[in-house]
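This report concerns only the one structure given below.
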């Protein structure tokens, strides 16, 4: 699994460079996010999915795990994707009521800064 993390001004950005967010990587992603978020003192978190083209229920579960991990730290999470397929899936499953999705990292940063 290919990803990077970067922390800047109290916001941790976790960027996943994969085409699919599915069963093949969801378990590893959950573990890596758990580790990265636990090590960080940030209050704002961005899960950036620039390359994701498809997502299954395991992938959606990973997004919900990210939300839970951040809530446990009293933090704010924004998911960033421009993929209409992923946005549609989040909407169809009604996860848009739980997950906050932005189209750019700049927008996500802005929203996080306003929330903190």
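Residue numbers (my numbering): 11 to 126.
Beta carbons: idealized from backbone N, C-alpha and C, even for Gly.
At the level of alpha carbons, what is the spacing between residue i and residue j?
i, j, result
"residue 95", "residue 51", "32 Å"
"residue 26", "residue 53", "20 Å"
"residue 109", "residue 58", "13 Å"
"residue 24", "residue 114", "14 Å"
"residue 92", "residue 85", "23 Å"
"residue 60", "residue 31", "11 Å"
"residue 125", "residue 42", "25 Å"
"residue 139", "residue 21", "The requested residue 139 is not part of the displayed model; the chain covers only 11 to 126."
Taking its Cβ as the centre, do 16 or more other Cβ atoms sit within 10 Å of residue i, making it buried, or is it exposed?
i, result
"residue 37", "exposed"
"residue 48", "exposed"
"residue 62", "buried"
Among the options, whose alpha-carbon lies nearest the alpha-carbon of residue i?
i, options, result
"residue 44", "81, 99, 90", "81"
"residue 56", "104, 98, 18, 31", "18"
Would residue i and residue j qualify as a contact pair, given that the criterion is a beta-carbon distance under 8 Å?
i, j, result
"residue 88", "residue 121", "yes"
"residue 46", "residue 15", "yes"
"residue 118", "residue 75", "no"
"residue 39", "residue 72", "yes"
"residue 103", "residue 70", "yes"
"residue 105", "residue 65", "no"
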